[in-house]
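Student: Residue numbers (our numbering): 184 to 390.
1) Quick one: measure Cβ to Cβ for residue 259 and residue 314, integer angstroms, because I've assumed they're closer than 8 Å.
2) Excluding sequence positions up to five away, which residues of its chain have a Cβ less than 7 Å from the Cβ of residue 296?
3) Can you tell me where the alpha helix (DSSP H) holding residue 318 begins and where it ends?
4) Taking the alpha-carbon positions, what's the residue 281 to residue 388 distance?
5) Compare the C-beta of residue 243 against all C-beta atoms of chain B and say whether one is closer than 8 Å.
6) Assuming contact is defined by CB atoms lying nearer than 8 Å, are residue 302 and residue 349 in contact in what I supplied?
7) The alpha helix (DSSP H) spanning residue 232 covers which residue range?
8) Alpha carbon to alpha carbon, how far is residue 263 from residue 256? Give it in angstroms, no decimals.
9) Where residue 235 and residue 352 are concerned, what is the direct C-alpha to C-alpha distance, given to the nearest angstrom?
10) Mind checking which residues open and close the alpha helix (DSSP H) that includes residue 244?
11) Going straight from the alpha carbon of residue 277 to that of residue 356, what length do you get?
12) Evaluate residue 158 with the Cβ neighbour count: other Cβ atoms within 10 Å of its Cβ, from every protein chain shown; 16 or more gives buried, anything less gives exposed.
13) What did DSSP end up calling residue 364 once you bin it into helix, strand or coil?
14) What residue range does the alpha helix (DSSP H) around residue 218 cover?
15) Given residue 305, which residues of its chain have a CB within under 8 Å of its CB, disregarding the five upstream and five downstream residues?
16) Quick one: Cα of residue 228 to Cα of residue 345, how far?
17) Ends of the alpha helix (DSSP H) at residue 310?
18) Rounded to whole angstroms, how far is the Cβ of residue 250 from the Cβ of residue 322, which I believe are closer than 8 Å?
19) Determine the DSSP secondary structure at residue 262, reduced to helix, strand or coil.
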């Protein structure tokens, strides 16, 4: 089996940089999951190379893969084809991690973000991104305050970088829109909505 050699330039804790010898064995059920684009494949990676609840496979793969699928009907027709192919592309690409003899948690994250860009662009993000931007914003909510919040911010920032590499008609507008709807904007909107909701409640009680 081959080793995963990609590294990340980000500063991580030593425990995250150290290679993890595979613990779980490769099994056919997991390999089949990778072939059909089943979200359960991220759990297979975690079983083989456990990084814990703060690791990529639990915080991102096992969380966002089914989340994306739950928003499937909110994409337009072309967007549905794109997101379906993108999910399958990402899961298939992560198989290299699963089949490796060793990998660090940091390498898993690095590989996943590299695949995000490749799978987005190769499957037509530049063509469908503008029309489906609202749905993407709902999925990858950079203003999310859940345990996945930091990854949400990273993912949204990465989508902005991907959009910046597009040459489609709406490319520059899409890049600007994504950057304008980052963490600060979304948190501001949440605060505004909470204030509005509280004010409506007060008016109902007074009235």
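We treat Cβ as the ideally placed atom computed from N, Cα and C, and that holds for glycine. Keep in mind that this is a model prediction, so the values were computed, not measured.
Tutor: In terms of the structure at hand:
1) By 1-based counting over the chain shown, the position of residue 259 is 76. By 1-based counting over the chain shown, the position of residue 314 is 131. Taking a contact as a CB-CB distance under 8 Å, the pair residue 259 and residue 314 counts as one, their CB atoms being some 6 Å apart.
2) Translated into the one-based positions of the chain shown, residue 296 becomes position 113. Apart from the 5 residues on each side of it in sequence, residue 296 sits with its Cβ closer than 7 Å to the Cβ of 341 in its chain, given in chain order.
3) Your numbering for residue 318 matches position 135 in the chain shown. Residue 318 -> alpha helix (DSSP H) spans 316-322.
4) Sequence index remark: in the chain shown, residue 281 carries index 98 (1-based). Sequence index remark: in the chain shown, residue 388 carries index 205 (1-based). Between residue 281 and residue 388, the C-alpha separation is close to 57 Å.
5) Looking at the structure shown, chain B is missing, and only one protein chain is on hand.
6) Residue mapping note: residue 302 aligns to position 119 of the chain shown, counting from 1. Residue mapping note: residue 349 aligns to position 166 of the chain shown, counting from 1. The answer is no: Cβ separation not under 8 Å.
7) Position 49 of the chain shown, counting from 1, holds the residue named residue 232. Neither: residue 232 is in no alpha helix (DSSP H) and is coded neither H nor E.
8) Working through the chain shown from its first residue, we reach residue 256 at position 73. Working through the chain shown from its first residue, we reach residue 263 at position 80. Roughly 7 Å between the two C-alpha positions.
9) Taking the chain shown and counting its residues from 1, one reaches residue 235 at position 52. Taking the chain shown and counting its residues from 1, one reaches residue 352 at position 169. Going from the Cα of residue 235 to the Cα of residue 352 covers about 42 Å.
10) As a position in the chain shown, residue 244 is number 61, starting the count at 1. Counting along the chain, residue 244 falls outside any alpha helix (DSSP H), and DSSP gives it neither H nor E.
11) Your numbering for residue 277 matches position 94 in the chain shown. Your numbering for residue 356 matches position 173 in the chain shown. Going by the C-alpha atoms only, they are around 31 Å apart.
12) One cannot answer for residue 158 here, as it falls past the ends of the chain, which runs 184 to 390.
13) Locating residue 364 in the chain shown gives position 181, where the first residue counts as 1. DSSP, read as helix, strand or coil, puts residue 364 in coil.
14) In the chain shown, counting from the first residue as 1, residue 218 sits at position 35. Here the alpha helix (DSSP H) through residue 218 covers 211-219.
15) One-based indexing of the chain shown puts residue 305 at position 122. Here the set comprises 272.
16) As a working mapping, residue 228 is identified with position 45 in the chain shown. As a working mapping, residue 345 is identified with position 162 in the chain shown. About 26 Å.
17) Mapped onto the chain shown, residue 310 falls at position 127. Where residue 310 is concerned, the enclosing alpha helix (DSSP H) stretches over 308-311.
18) Translated into the one-based positions of the chain shown, residue 250 becomes position 67. Translated into the one-based positions of the chain shown, residue 322 becomes position 139. About 6 Å separates the Cβ atoms of residue 250 and residue 322, confirming a contact at the 8 Å cut-off.
19) As a first step, residue 262 is located in the chain shown; it is residue number 79 there, counting from the start. Note: residue 262 maps to helix in three-state DSSP.
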